[in-house]
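Student:
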Amino acid sequence: MVTRSRFHPWLAAAVLLMPTLALAQQEELDIVEVERAPIEETVHLDGIIEAVQQSTVSAQTSGTVLKLPFDVDDSVAAGDLIVQLEDSEQRARLSQARAGLEEAMAALADARQQFARIEAVHERGLVSRQEFDQARNNLAAARARVERAQAAVAEAEEQLSYTRIEAPYGGILTERHVEIGEAVNPGQPLLSGLSLEQLRVVVDLPQKYADLARSERRATVTLSDGRLLETGEMTFYPYADPATHTFRLRMRLTEPNGSLFPGMLVKVSVPVNSRESLWVPASSLVHRSELRAVFVLDSQDRPRLRQVRTGVQDGQRLEILAGLSEGERVVTNPSVLVGSERLNLPEAAEPGGEESR
Numbered sequence: 001m002v003t004r005s006r007f008h009p010w011l012a013a014a015v016l017l018m019p020t021l022a023l024a025q026q027e028e029l030d031i032v033e034v035e036r037a038p039i040e041e042t043v044h045l046d047g048i049i050e051a052v053q054q055s056t057v058s059a060q061t062s063g064t065v066l067k068l069p070f071d072v073d074d075s076v077a078a079g080d081l082i083v084q085l086e087d088s089e090q091r092a093r094l095s096q097a098r099a100g101l102e103e104a105m106a107a108l109a110d111a112r113q114q115f116a117r118i119e120a121v122h123e124r125g126l127v128s129r130q131e132f133d134q135a136r137n138n139l140a141a142a143r144a145r146v147e148r149a150q151a152a153v154a155e156a157e158e159q160l161s162y163t164r165i166e167a168p169y170g171g172i173l174t175e176r177h178v179e180i181g182e183a184v185n186p187g188q189p190l191l192s193g194l195s196l197e198q199l200r201v202v203v204d205l206p207q208k209y210a211d212l213a214r215s216e217r218r219a220t221v222t223l224s225d226g227r228l229l230e231t232g233e234m235t236f237y238p239y240a241d242p243a244t245h246t247f248r249l250r251m252r253l254t255e256p257n258g259s260l261f262p263g264m265l266v267k268v269s270v271p272v273n274s275r276e277s278l279w280v281p282a283s284s285l286v287h288r289s290e291l292r293a294v295f296v297l298d299s300q301d302r303p304r305l306r307q308v309r310t311g312v313q314d315g316q317r318l319e320i321l322a323g324l325s326e327g328e329r330v331v332t333n334p335s336v337l338v339g340s341e342r343l344n345l346p347e348a349a350e351p352g353g354e355e356s357r
C-alpha cells in the first residue's frame, strides 16, 4: 500500500526560520583598531592651600596695650585699627622735639640777621674777613641745628604713629599674641592674620620629577569632592629642601571662592613625561585566571584570544605594552563571545604583535 505524506506548511516555515533565529541570537561585535597615541605620565601628590597674604604684625615702639578691638576669627578691613598702645610717652617726646625745633628756628633767624648785617659792612671794608667768616659759619650751624630738630620731630611723629597699629590688608585675624595691659617692646608679635582673597597651592615635588615638571609647567588641582581648581602663575623653588630632598612648587588659584580655606588638602597632578604608546578600550580586556588577553579578529574576521601585556589605564583606554600591533582589530564587548558559535579555539598565549615602546 502506498502511503502519501502530507505537506505541513508550518513545519517548512519553522525549518527556514531556524538559521535566522540563530543569527539573531548572536549579538554584534564592537570592533576598534589598535591605535598609537601620546600618553602623559603624571605624578599625583598631596598639596596644601595657603594664603598669599599672611603676616604677623609686630610692635615698632614700646608701650602698653590699650585697646584690642578685634579677636581671633574676626574679619577686618584694610586700615582698621587693630591695636592701640598707650601713647603718653611718645606724645611727650613729640612735644619736646617740637619745642627744640622752635628754638632752632629762632636761632636760625638771629644768625641770618647777624650775617646780613656783617655782610653789608664787610662789602665796605668795615669788618675783617675773620668776622665775616665767623658770621657765615654761625649761619650754617644754625641751619644744621634746624635740620636736626626737624628730623627729631619727624622721628617723634613716627614713634607716635607706631602706637596706632592698623590692618595692612583686609582679611581674618588668626592669632592674638598679646592681651590688654601687657607691656610690649619693638619687634614683639602682636596679631597674626591672612587674606582669603588670594590663595595658592603648595606642593613638594620629589627631585626625580623636578626638571620634567619645570619644563612642562602644567598641573591639575582637585578637591576632595572631585572639583577641579583653575591655577595660574606657577613658581618653582630653585633649591631642594635638605631634609626631604624635594622641590617646592607654588600655584596661584585664579578663582578663589568662599569654600576654599588655607590648610585644606588637595590632590595635585603634575605631568612629568610624555611618550607614544598603543591603546585599546579598557572594556576589551579579558581575564582568564592570571592571563590578560583580548580578542583579535584574524584575516577571516574570526575572533582569536591573544595574550597581552598592559600598562597604565588612562580613563576609558588601556595601554598595551606588548601583544598587539597598531591597526589590528580588537573586540570591545568580549562578553558576547561567551558560548558563541563564532568563538574558535583560542590561540596559544603568545606575546605576538609589537612592543609599544
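The sequence shown begins at 1 in UniProt numbering and counts up one residue at a time.
For every residue, glycine included, the Cβ atom is placed at its ideal position computed from N, Cα and C.
1) Pick out whichever of Ala59, Leu139, Ala322, Ala116 has its Cα sitting closest to the Cα of Gln307.
2) Would you check if the stretch 75–90 and the stretch 211–224 touch, i.e. whether three or more CB-CB distances between them fall below 8 Å?
3) Only counting runs of 4 or more residues, tell me where the alpha helix (DSSP H) segments fall wholly within the stretch 49–135, in order along the chain.
4) Compute the distance between the beta-carbons of Thr42 and Ser277, then report whether it is under 7 Å.
5) By the 10 Å Cβ neighbour count, where 16 or more other Cβ atoms means buried, how is Glu350 classified, buried or exposed?
6) Rounded to whole angstroms, what's the CA-CA distance from Leu265 to Leu318? Just pull it up for me.
7) Let's test the definition: count the other Cβ atoms within 10 Å of the Cβ of Gly47 and tell me whether it reaches 16, buried, or not, exposed.
8) Looking at the structure shown, is Arg227 part of a helix, part of a strand, or coil, going by DSSP?
9) In chain order, what are the residue ranges of uninterrupted beta strand (DSSP E) at least 3 long that sit wholly in the UniProt domain "CusB-like beta-barrel" (201–270)?
10) Rounded to whole angstroms, what's the CA-CA distance from Val65 to Asp71? Just pull it up for me.
11) Per the contact definition of three or more C-beta pairs closer than 8 Å, is the stretch 190–210 in contact with the stretch 245–253?
12) Name the two residues that bound the continuous beta strand (DSSP E) containing Arg302.
13) Please report the distance separating the alpha-carbon of Val146 from that of His122.
14) Identify whether Val153 lies in helix, strand or coil by the three-state DSSP scheme.
15) Does DSSP put Glu147 in a helix, in a strand, or in coil?
16) Taking the alpha-carbon positions, what's the Val184 to Asn138 distance?
17) One question on the structure: do Ala149 and Leu85 come within less than 7 Å of each other, judged by their Cβ atoms?
18) Taking 8 Å as the limit between beta carbons, can you name the residues of its chain near Leu337, skipping five residues before and five after?
19) Would you tell me roughly how many angstroms separate the C-alpha atoms of Tyr169 and Leu212, rounded to the nearest one?
20) Mind checking Gln300: buried by the 16 CB within 10 Å criterion, or exposed?
Tutor: For this structure:
1) Residue mapping note: residue 307 aligns to position 307 of the sequence shown, counting from 1. Of the listed residues, the one whose Cα sits closest to Gln307 is Ala322.
2) no
3) 88–123
4) Taking the sequence shown and counting its residues from 1, the one referred to as residue 42 is at position 42. Taking the sequence shown and counting its residues from 1, the one referred to as residue 277 is at position 277. Going by C-beta atoms, Thr42 is not nearer than 7 Å to Ser277.
5) In the sequence shown, residue 350 corresponds to position 350, counting from 1. At Glu350 the pLDDT is 46, less than 50, meaning the model places this residue with poor confidence; the figure from the coordinates comes in the next sentence. Exposed is the call here.
6) As a first step, residue 265 must be located in the sequence shown, where it is residue number 265. As a first step, residue 318 must be located in the sequence shown, where it is residue number 318. For Leu265 and Leu318, the distance between alpha carbons rounds to 30 Å.
7) Counting from 1 along the sequence shown, the entry for residue 47 is found at position 47. With 16 or more Cβ atoms within 10 Å of its Cβ, Gly47 is classed as buried.
8) Translated into the one-based positions of the sequence shown, residue 227 becomes position 227. In this structure, Arg227 counts as coil in the three-state DSSP scheme.
9) 220–222, 231–240, 246–253
10) Walking along the sequence shown from the start, residue 65 turns up at place 65. Walking along the sequence shown from the start, residue 71 turns up at place 71. If you take the alpha carbons of Val65 and Asp71, they lie about 14 Å apart.
11) yes
12) As a position in the sequence shown, residue 302 is number 302, starting the count at 1. Looking at the DSSP string, Arg302 is not in any beta strand (DSSP E), and its letter there is neither H nor E.
13) In the sequence shown, counting from the first residue as 1, residue 146 sits at position 146. In the sequence shown, counting from the first residue as 1, residue 122 sits at position 122. Distance between the alpha carbons of Val146 and His122 is about 26 Å.
14) Indexing the sequence shown from 1 puts residue 153 at position 153. Reduced to three states, the DSSP call for Val153 is helix.
15) The residue given as residue 147 occupies position 147 in the sequence shown. Three-state DSSP puts Glu147 in a helix.
16) On the sequence shown, position 184 is the one that residue 184 refers to. On the sequence shown, position 138 is the one that residue 138 refers to. Near 43 Å, if we compare the C-alpha coordinates of Asn138 and Val184.
17) Numbered from 1 along the sequence shown, position 149 holds the residue referred to as residue 149. Numbered from 1 along the sequence shown, position 85 holds the residue referred to as residue 85. No, the Cβ-Cβ distance between Ala149 and Leu85 is not below 7 Å.
18) Taking the sequence shown and counting its residues from 1, one reaches residue 337 at position 337. Once the five neighbours on either side are set aside, the close Cβ partners of Leu337 are Leu29, Phe295, Pro303, Val331, Leu343.
19) Looking up residue 169 in the sequence shown gives position 169. Looking up residue 212 in the sequence shown gives position 212. C-alpha separation (whole angstroms): 37 Å.
20) By 1-based counting over the sequence shown, the position of residue 300 is 300. Gln300 should be labelled exposed.
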